[in-house]
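Numbering (this note's numbering), first residue to last: 339 to 591.
Below is one structure, written out as structure tokens; comments come after it.
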């Protein structure tokens, strides 16, 4: 088993059981305790787990939200595949919403140069990059910039969304489950995401497989509220069937 595969299994076990133990992991994965400690250190630096005495717990269990840079360094290959698959959902012309996030940022980076699009966005950093593109008309939502995600939130972001109607909204999420729907740790960001879904003819959620089955504090939509979930091929077939039964089409990139 490669290190990345082992670390993904550690994260899966932590989320399933609420905690992992160094000794038990070493025995079940047939490696040394020191190897497991190094894996836990790597996963903590990536913002996925938090080390505790004798083991680790998943960050969502303690309400901790990893910073943008930490999340951007995790599952990069999967996020790039998801972004490429999302290109199929773009209109040939018209308007889209791009939510702030590490996977939506990868979609922003590969938006085609041969389409005239209006892009409504709540990430000042992405707006700066996209604003230089001659084929894009970029509308930046105002508001308070939330430091952990660098997304604009609160009333100055919400008011413009009440008066626009786009072809497709591409939304990021921290959690996605059949029981709780789409969730994120911050109520202010949840409000903006909810408004984005309401401002679009179609809504497409971009989320790697580690987000599926997790729940966070603030819900911004039901699975039935979105049209498509694009994830990676790490999501097993049983979960795909459960999600699709709740409403959206699932694409595994």
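Every residue, glycine too, gets a C-beta built ideally from N, C-alpha and C.
Just so it is clear, the structure is predicted and the values come from calculations on it, not from any experiment.
Determine the closest residue to residue i out of the options, with distance taken between C-alpha atoms.
i: residue 494; options: 480, 487, 351; result: 480
i: residue 344; options: 353, 363, 355, 356; result: 363
i: residue 446; options: 573, 501, 544, 576; result: 544
i: residue 484; options: 552, 504, 527, 532; result: 527
i: residue 341; options: 376, 478, 357, 352; result: 376
i: residue 549; options: 453, 539, 514; result: 514
i: residue 507; options: 452, 435, 491; result: 435
i: residue 352; options: 365, 378, 368, 373; result: 378
i: residue 416; options: 346, 532, 535; result: 346
i: residue 356; options: 388, 574, 428, 572; result: 388
i: residue 380; options: 469, 532, 349, 563; result: 349
i: residue 576; options: 471, 551, 562, 468; result: 551
i: residue 425; options: 572, 542, 578, 555; result: 542
Excluding the 5 residues flanking residue i on each side, which residues of the same chain have their C-beta closer than 7 Å to its C-beta?
i: residue 359; result: 392, 393
i: residue 463; result: 488
i: residue 583; result: none
i: residue 537; result: 435, 499, 502, 503, 504, 507
i: residue 308; result: This structure cannot speak to residue 308, because the chain is shown only from 339 to 591.
Hey, would you say residue i sits closer than 7 Å to residue j, going by beta carbons?
i: residue 441; j: residue 420; result: yes
i: residue 510; j: residue 557; result: no
i: residue 546; j: residue 565; result: no
i: residue 456; j: residue 433; result: yes
i: residue 438; j: residue 489; result: yes
i: residue 553; j: residue 521; result: yes
i: residue 423; j: residue 589; result: yes
Quick one: grab the DSSP three-state call for residue i.
i: residue 569; result: strand
i: residue 510; result: strand
i: residue 462; result: helix
i: residue 408; result: Residue confidence is low: residue 408 scores 49 on pLDDT, short of 50, so the model does not pin down where it sits. No coordinate-derived value is stated.
i: residue 396; result: strand
i: residue 496; result: helix
i: residue 563; result: helix
i: residue 425; result: helix
i: residue 577; result: helix
Between which residues of its own chain and residue i is the CB-CB distance below 6 Å, once the five residues before and five after are set aside?
i: residue 339; result: none
i: residue 592; result: Outside the shown range of the chain, which is 339 to 591, sits residue 592, and nothing can be said about it.
i: residue 482; result: 491, 492
i: residue 477; result: 458
Might you give, ordered along the chain, the residues of its own chain that have their beta carbon closer than 8 Å to the beta carbon of residue i, omitting 5 neighbours on each side?
i: residue 408; result: Here the model assigns residue 408 a pLDDT of 49, short of 50, so the residue's position is not dependable, and the following value carries that caveat. Excluding positions up to five away in sequence, the list reads 383, 384, 385.
i: residue 413; result: 546, 548, 570
Is residue i near the ligand MN, in the sense that its beta carbon is under 6 Å from a heavy atom of that ligand?
i: residue 417; result: This structure simply doesn't include the ligand MN, nor any ligand for that matter.
>> Restricting to runs no shorter than 3 residues, where is the beta strand (DSSP E) found entirely within the region 349 to 394?
In response: If only uninterrupted beta strand (DSSP E) runs of at least 3 residues are considered, those enclosed by the region 349 to 394 are 387 to 390.
> Could you give the uninterrupted runs of the alpha helix (DSSP H) lying entirely in the region 429 to 486, keeping only those of 4 residues or more?
Replying inline: Fully enclosed alpha helix (DSSP H) runs of 4 or longer: 440 to 447, 462 to 468.
>> List, from N- to C-terminal side, the alpha helix (DSSP H) runs of 4 residues or more that fit wholly inside the region 525 to 561.
In response: Within the region 525 to 561, the complete alpha helix (DSSP H) runs of at least 4 residues are 525 to 536.
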